[in-house]
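Reading through the structure tokens given below for one structure.
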Amino acid sequence: MSWLCDLIDKNSPEPRQRLELSQEFITKLQTSHLPSDSTLLNDFCDLVMQWLGGSNFKVALSALEILSVAIDVSGDVLAPYLIERISSLVERLGDAKQSVRDATVQLLATLSNTPHSNVQIVFEKVALGLTHRQWLVRVGAMQVIKTILEQNKFFVEVQVNRTVPTLCKLLVDANSEVRETASSTLVHIFCQYGDHMIKSIKQRQLIPESKYQMLLIRYKEFQEGVGPLTSTPSTSQRSSRSLHRPLIPQKPVSASRLISGLKRAGMSEDQENLLGSAPPFLRASSVPAHRRPITVSNKNSSNAGSVNEEAFQKAFLEVPRCNICTAKDLKDKLDGALMTLQNANADWDKRVNSLKLLRAVIIGGALDYTDFVLELRDMESAFLTSIKDLRSQVCREGCVTLAFFCQKLELKMAALVEALMPALIRLLQNSAKVMATSAQVALQYVVKYVRSPKLLPHLRSAMTSKSKEIRRNVASLLLMSMTIWESRTVEKNINIFIDCIKASINDADLETRNTGRNMFSHLDQEFRHHAEILFKSLDPSKQRQLSGFVSQSSSSQSIISEKDSMPIAPKNPCFSFKSAAFHFTGRSTSDIDTGSARKAYSQFSRGSSKWKPMPQINGTPVSSIRSTIPTHRFMTPATPFRRQPPVFRTPPSNVVRSQPGSRSTSPSQRIASRNRPSVPTVTRNRSHADDGEDISAGGDSLKFEVAELNSAIAWCNMSSAAERKEGLKALYTVVSSRKYIDPLDLKKITELLNSLISEGTHKLLQSVSELLIQLVQLHHDELNDWLKLLIPRLLMKYSNDVLVSNQDRYKVMLDTVRQYFDPEQQLQAVFRFIQDPVRNNVNFKVKQALLKYLHEVMSGVDRALSFKNSEVRSAILKMFQWLDDQKNIGLRDITEKVICDMFSVNASDFTAMMATFDNELRNQIQEVIQRNSLSKPKINGFSANETHALIHDTANQINDFVEGRRLPSSPLRYEHVISRSPLDNGLIRRQSREDGNCSLSGYILDPERLASDEELQEELITKIGEELSHSNERTAERLQAMNVLSQITRDSLFSLWDKYFKKILLLLVENISDSDAGIRRTALKLLKEICYSQAPRFNYYAEMVFMRVLDATGDESKFVVSAAEECGSVLATHVSSVICRKVLLAVIRSTDTAESKIYMAIKMLTKVLESLSSEELLDILDEVAPPIVEAYNYESSSVRKESVGCLVKMHKIVGEEAMLPYISTLNRGKRALLDVYLSRMRGPSPVS
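Shown next, in the form of structure tokens:
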């Protein structure tokens, strides 16, 4: 039995015992190395991290010292396990105790220099703390970065370049200490890397000029030896001494004696509470604070006359047609509408029409004119008069128009909305439901889209209103703002939010208090320090109500009981019983029998949860049930996202727990408990019963949950629409609770949804949509059999429904299904429906929707799908039968796209299937594939066929290369690859050298030797190629390989480009399509750097590279998109302009290309044209100008704007006369806008 196993076995929840155990750990580590057993090392790290996250700062300090000693003794063994847990260490940089923060900084710096650690990975993981919400973490992360730079600056230069923009943003942080530390860190970087880093910041315009000059002054002062860098206030006060453990008595002493001794030693009251008893209502539950759906409640919202968001969305578009041609036309229409609205004596129907006209103006294109925003200042009086109008129709229409303006203009409405806030808030208490609910929904739009801090003072003053309706709705608006606004905005106005939370918690209205508790939950999740301060300022009765929300992040809050949040699973038999007995326990600090308390509370909950035919579930209003369910104080610490497989655990009767507030467990009882046999039982994500709670209680709870589900389904089958809607809300609550749902119950829910979708009742569609989306998100792995009914039903309803709002809901449901289910299962469901002779007698719209859905599914897959199915073959035959009918002539284009998609997704299966068709059909399919793949217009003497052939050849080389790497690893494999692949063996994966642990960074320690030794270069590039060939795996190693390749490229240390350029390029192109966003971004940046130094070599592969870079502009990660745009700009200015034009114009002319690709292609083409002379551009103007003019009519505003910029550049080069024939086809509005841009380019005309 290992000594480490014995010590882990002694773990206890008691702080005093943990401190004693830490002494044993340190003593043993100083004389013995850590064992190499991965299970023990994982459990050891989990145990130490558990101590580190506890509520006793002395225990946290001891944990840090254990790690420090362990790194000194066995760092090469422990480092990989600690790197996985750096995020937990970074969290401790924000600890309330300075000694814990200092020790964490020291430990992270030591870890970066430990053998088998990776300084780049440590740097990147620590750099994530720069964006942490807690300012102490940001400061601590910068201190670690400075320490790493002093020791490893040559190895982290790439990481520093990535981090500099974030540090520049911290120069304007809300916290002064963060700003000061960021300034000091940047100056430190300047000192380490020299002037080129300063020039880089200047060129990229990362900081304002004033901040830049301040940094330069501090940098020069440091260089001249005026004095050391100014440190932050907290840094200057920190002690540089090493860790000191608290003195712990070596002999066991009673708690009373220890407390009395600590009092004599001057121990604080908070620290005394560690070992003394604390009231149970002051201890934190381990229930995490979740982000909950926002619902502005209104008890009367279901009655006649009320207005909801759905009605607003519908009213947005119920306006007269209005086309805006000129700015004068816009001003005339606005002046007429505002004049009518400001006249309180005008007929109410005229004022309603004027409000509709304001919305129609925006829909007609008013946002394209800059004058419209200026007109907002004149609308205040008109809106105010409308909102205050006594006629409900005018008031409602005013609220609808205001909400529409907020949705379209967002922050530009801040000044106008601020003036209207008092009137809107007063309207909430109006006795007319239509007016009150209109104001309620309008305020939701204001908070959701405007997001201005100027709204908060109005909401705070409203919390003191005498009307409970106002307080209730304002509290919900504040919760919405805390949830959806940026954390930075919330933090700047945290005092207002705290005042409002306190007022809500102490409010006389029950619903307002519930909302206040939810706000406190969110505050505790996002800003724990402020939540703890607010908690302490409340009365004990309020603290008891919030006890389930208190965070345990700070180790200094000893009044909060320690609940182990990282239980260690018993993986080794030598300590399985003991870990089961201790790792799920709290501290024994009170005489309260919490087992009885929990049993009584659960019985009370079950007794009060009877289903009633009212808009309530479990005694809680439906509007607030989603936010109140997770806050149960005695729930399990963590609830899984989906159902998990059964796990074996020790039954409650065999585990003696020391509950918070119980001292009933003596050491003898614990020993007796360990000796009992352990009988494993199967549990399904439900918490174990506590000591003293019988098994029947758990059974009753499960029966009640099933009864609740059955009751909700029964209500959904009622005849009344209102009752069915309430049943759907109840069912949504059951599904979103993320509890275990039996497969039979899932089947009941899907059958219910099938019938509701078929009915298509407009009033229920919103609720059906929400329920289906939630069900698919949480249980899609178990609903694959449902697809064959669900997808065809949704597509038929989507195609045949006449209401646009209903179509939008069906589209959202279809998008959710397409996102979460397996693409192959979706294709099988659609193919089965198409070929089914019983069900496929559908109209043209449904056929078109089926084919479009197939195209969307196959366009989004990133792997080969199997078409070895008779249903697929029958479906293809059916598609071509549709085309034989003249009624379906409009399906030809989308059918051809589907055929081409199937061929591109799995060419081998599709080709094999084509062989089974008759000759006529086979020839027809081949013609479709060739026509859609190769027919492109002639471009500058080069046909698009030639372009496609070049791309196809290069793609084949990539495929050969990838297939060669996937062959089995054997000597025969290498011979085979060498004989068949165009690549030579420099980049083929081979047997590792004797020094298998050699790091790639070691090759660049001696740059001069590497630059002169071609054999060493070949060895290095071979290893880099081996790492880059690991697609979708070994992410850290590939990042390091690309960093090294970037450095040798930038420093001109590599001279074998003639031999290895093609292979490197193929590997980088492959990594651009990697599953990891960091790999994609780094590959694009490396491609840009190689283009700088090896631009002429790109001419032979430009088509392939351009297409891959353009594809990356549509990436889901904004960082990858930014890197792709930078790479594209460099390619456009360094590669041959003839090749650039050829590829980019083909993309711009394409009709089915993504918007992001067209936008980037025009942007790159503009850079290409800027490099041409007027004579060169005149020669190709017929080729370049028409596609750009056509793109000016594109539906996307970003594409139009980039097209205007390109046309302006062409005007500047060749003059207006040469461009006049091409722009004459534009309408008057677009010509006028182009003239505005041209006048700006020329500048102000000289004054005579």
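Read the sequence shown against UniProt numbering and you will find it ends at 1248, with the numbers running on by one and no gaps. Just so you know, even glycine gets a beta-carbon here, dropped at the ideal spot from N, CA and C.
Simplified DSSP assignment, three categories, for PHE404:
helix
Just the C-alpha distance for VAL734 and SER465, rounded to the nearest angstrom, thanks.
35 Å
Using beta-carbon positions only, say whether VAL861 and ARG818 come within less than 7 Å of one another.
no
Just tell me which of THR1151, SER1196, LEU1145, SER1156 has its CA closest to the CA of ASN1180.
In the sequence as displayed, the identity of residue 1180 is Ile instead of Asn. With distances taken between Cα atoms, ILE1180 lies closest to LEU1145.
Delimiting residues of the alpha helix (DSSP H) encompassing TRP882
870–884
Beta-carbon proximity list for LEU787, same chain, < 7 Å, skipping 5 on both sides
PHE821, GLN825, GLN826, ALA829
Tell me the residue span of the alpha helix (DSSP H) that contains LEU764.
762–779
Using only the alpha-carbon positions, how far apart do GLY1205 and ASP815 sit?
35 Å
Helix, strand or coil at SER467 according to DSSP, with G and I counted as helix
coil
Enclosing alpha helix (DSSP H) for GLN828 [first to last residue]
823–835
Check for me: the alpha helix (DSSP H) holding SER537 runs from which residue to which?
528–537
Distance, Cα to Cα, ASP371 vs ALA327?
7 Å
Give the straight-line distance between the Cα atoms of VAL119 and ILE1024, rounded to the nearest whole angstrom.
18 Å
What number of angstroms, rounded off, separates the C-alpha of PHE57 from the C-alpha of HIS132?
21 Å
GLY1229 lies in the alpha helix (DSSP H); which residues open and close that run?
1228–1242
Let me confirm a value: VAL962 is counted as buried when at least 16 other C-beta atoms fall within 10 Å, else exposed. Which label applies?
For VAL962, the pLDDT reaches just 46, beneath the cut-off of 50, and the residue's location in the model is therefore unreliable, although a value from the coordinates is still provided. So VAL962 ends up on the exposed side.
Near PRO645, what residues of its chain come up, given a Cβ to Cβ distance below 6 Å and the 5 sequence neighbours on each side ignored?
In this prediction, PRO645 has a pLDDT of 36, which is less than 50 and means its spatial position is unreliable; nothing more can be read from the coordinates.
HIS196, DSSP secondary structure in three states:
helix
Alpha carbon to alpha carbon, how far is LYS1063 from LEU1056? Give it in angstroms, no decimals.
11 Å
Is the Cβ-Cβ distance between LEU64 and LEU107 less than 7 Å?
yes
Please classify CYS325: is it buried, with 16 or more other beta-carbons within 10 angstroms of its beta-carbon, or exposed?
exposed
Between the CA atoms of ALA109 and VAL144 - distance to the nearest angstrom
6 Å
Proximity winner among LEU402, SER12, SER431, LYS412, relative to MET421 (alpha-carbon distances)
LEU402
For the alpha helix (DSSP H) containing LYS211, list its first residue and its last residue.
209–223
Label GLN444 either buried or exposed according to how many other C-beta atoms from any shown protein chain fall within 10 Å of its C-beta, with 16 as the threshold for buried.
buried
Counted within 10 angstroms of its Cβ, other Cβ atoms place ASP1235 as buried (16 or more) or exposed:
exposed
Ordered along the chain, which non-local residues of its own chain (more than five positions away) have a Cβ less than 8 Å from that of LYS852?
ILE894
Going by the CB atoms, is the gap between VAL373 and residue 1268 shorter than 7 Å?
Past the boundaries of the shown model lies residue 1268; the chain is included only from 1 to 1248, so the question cannot be answered.
Only counting the same chain, and skipping five residues up and downstream in sequence, which positions put a Cβ closer than 6 Å to that of ALA79?
THR114, HIS116, SER117
Top-ranked residue by Cα proximity to ALA182, from LEU136, ASN888, ASP46, LEU1220
LEU136
Pull up the distance between the alpha-carbon of LEU934 and that of MET1241, whole angstroms please.
Reliability fails at LEU934, whose pLDDT of 41 lies under 50, so the model's placement of it is uncertain and no value is given.
Whose C-alpha, out of ASP46, LEU803, ASP95, is nearest the C-alpha of ILE83?
ASP46
Can you tell me which of the three DSSP states GLN205 falls into?
coil
Terminal residues of the alpha helix (DSSP H) in which PRO792 lies:
787–800
Determine the DSSP secondary structure at THR1166, reduced to helix, strand or coil.
helix
Alpha-carbon to alpha-carbon, LYS146 and GLY586
Note that GLY586 scores 36 on pLDDT, short of 50, meaning its location in the model is unreliable; the coordinates nonetheless yield the value given after this. Going by the C-alpha atoms only, they are around 39 Å apart.
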